[in-house]
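Numbering (my numbering), first residue to last: 1 to 105.
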């Protein structure tokens with residue numbers, strides 16, 4: 001194995017390890033924040049042993065602004081979204097009538 005290929009292999013391994021540590025820190029950081037949210041139940045957890053050491057990343061990372069492809073009204077249950085099409089009501093009407101005997105109720 002040549003020196004160049006050895007350096008390339010060591011560089012790749014180091015890059016993968018660094019990526020793992022950075023991603024693990026961010027994941028644990030998010031989990032800690034989620035546990036502290038109001039309404040979160042008290043649970044016991046074991047803190048990642050490298051959390052304090054990796055804390056130097058805190059000043060270098062920031063949460064990204066996220067966006068959604070949903071309109072803000074789509075999340076709300078407005079009157080329009082609760083209306084049932086007349087064709088569907090016509091199909092369901094016989095099943096919903098009180099005089100119909102249903103043996104499986």
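Note that beta-carbon positions come from the ideal geometry of N, C-alpha and C, so glycine has one too.
Asked                                                                                : Found
Euclidean distance between Cα positions of residue 25 and residue 53                 : 10 Å
Sub-9 Å separation of residue 50 and residue 6 beta-carbons                          : no
Every unbroken alpha helix (DSSP H) inside the region 17-60 [4 residues or more]     : none
Selection from 44, 29, 69, 13 that minimises the alpha carbon distance to residue 59 : 29
Pairwise C-alpha distance: residue 64 and residue 70                                 : 18 Å
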